[in-house]
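Step one of this worksheet: look at the structure below.
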Amino acid sequence: MKRLNTFFRLFWLLPAVAMAAPFCGWAEDLGGSVLRDYPVALTLPKGRLEIDLDYLVIRYADDLFDAEEENVAGPLGPGDLDGLRLTANYGLFRRMTLMSSLQYRDIEYGAGSLEVKTLDFGLKQNLVDKRDLRLPKVALDLGLGFNWADDQVIDAADVQDSLSFQDASDWTASARITTGWVWGSLFPNFFAEYGYTRIEGTMAGPTVLPDAPDLPVSLTSTVDRSEMYAKGGLSLLIKFPYRALLHFEYHFLRLFRDKELEYLKYNHVFKVDFNYYFTRKLVGHIGGIYFRRQLNGEIPFLYNSFTQTSFDRDYGYMSVGLTYLFEF
């Protein structure tokens, strides 16, 4: 609870700062707001290109979530993180938006580090051709995402907790339905998502033989498998009168895996993102994401028979960046 209180105290202060600005704003109607990666029933106007660049970071010394307080005790838990995320969304038609993003995350993992790359593609279609803001909006998202990492050896103080990744990757196909209503400055959305994930790669972890307990040997195993997930949650946009837009999101994730991998099969995820319009086209944003059960479901190939017991802890990181809006 202390972690969540810290998280919310920080971001509820941001709108007050924006509303104290000495000039009135011209923030657009929510139907034309920034889209980013928000699960909302909105599409970009035809011909609009939205480019987002974010810096992702968490440090143990200034960990707002207190998440790593637990992680440092675990030999295979994630620690400090540095990364970049580039997002490009384009309004192809009045009711259809193309979405894509590329991420690089350098995650301190055990006594080493893991460099994870992520590539996502999506198509968002508005299913209700209604311009009356009093009527609900409904959108369908179809997505395809990829995660992969170079071969890595994750050392630990105890050799029995060391681990190596070889050709580790996964891909996910997903479908999401979202419905939302515009109520003045509020735009609440509810969404449900279902996805299928295929994981491939080889991992090696040490094991101890009964007749040689002081000489651990490497046990290599393929982690090729499939899993499915269901996700449901709330996404809320709040427009403030002074160039400001706040996004809050919560979702519950339920994972369906083989029986031997059911140690941890859920996650609670909270996100907050604050956007400030410097000009009509340039938007700054700062945000954060909190995982109640580490990166469970976020990077699927990390979860396997060697690591599953390390996911029973919190994690989170911050993001800061800029959005630029082009009109064609």
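Going by this note's numbering, 25 is the number at position 36 of the sequence shown; the sequence numbering is gapless. No residue lacks a Cβ here, since even glycine has one placed at the ideal position from N, Cα and C.
For this session: Would you list the one or two residues that DSSP bridges to residue 77?
Result: Residue 77 is bridged by DSSP to 40 and 89.
For this session: Report the rounded CA-to-CA distance for residue 140 versus residue 247, giving the unit in angstroms.
Result: Between residue 140 and residue 247, the C-alpha separation is close to 25 angstroms.
For this session: Starting from the Cα of residue 71, find the closest Cα among 39, 104 and 77 and give me that residue.
Result: The option with the nearest alpha carbon to residue 71 is 104.
Exercise. What residues in its chain sit with their C-beta under 6 angstroms from that of residue 178, if we drop five residues either side in the sequence?
Worked result: Non-local C-beta neighbours of residue 178 in its own chain, meaning closer than 6 angstroms and more than five positions away in sequence, comprise 29, 30, 167, 169 and 224, ordered along the chain.
Problem set entry | Spatial neighbours of residue 313 in its chain, beta-carbon cut-off 7 angstroms, leaving aside the 5 residues before and after | Only 40, 270 and 271 meet the Cβ criterion.
Exercise. Among 26, 101, 92 and 74, which has the Cα closest to the Cα of residue 130?
Worked result: Measuring from the Cα of residue 130, the nearest candidate turns out to be 26.
Exercise. For residue 97, is the classification buried or exposed, using 16 other Cβ atoms within 10 angstroms of its Cβ as the cut-off for buried?
Worked result: Answer is buried; the Cβ neighbour count reaches 16.
For this session: Check residue 125 in the structure and name its three-state DSSP category.
Result: If DSSP states are grouped into helix, strand and coil, residue 125 belongs with coil.
For this session: Would you mind working out which of 83, 43, 118 and 47 sits nearest residue 90, comparing C-alpha positions?
Result: Ranking 83, 43, 118 and 47 by Cα distance to residue 90 puts 43 first.
Exercise. So what's residue 234 in DSSP terms, helix, strand or just coil?
Worked result: Three-state result, residue 234: strand.
Exercise. Can you tell me the Cα-Cα spacing of residue 138 and residue 302, whole angstroms?
Worked result: Using only the alpha carbons, I get a separation of about 23 angstroms.
Exercise. How about residue 316 and residue 38: do their beta carbons lie closer than 9 angstroms?
Worked result: In terms of Cβ geometry, residue 316 and residue 38 form a close pair [threshold 9 angstroms].
Problem set entry | Exposed unless 16 or more other CB atoms sit within 10 angstroms - verdict on residue 175 | Exposed, because fewer than 16 other Cβ atoms sit within 10 Å of the Cβ of residue 175.
For this session: Please confirm whether residue 218 and residue 244 have their CB atoms less than 9 angstroms apart.
Result: A distance below 9 angstroms separates the beta carbons of residue 218 and residue 244.
For this session: Would you mind working out which of 156, 266 and 102 sits nearest residue 191, comparing C-alpha positions?
Result: From the listed residues 156, 266 and 102, the smallest Cα separation to residue 191 is found for 156.
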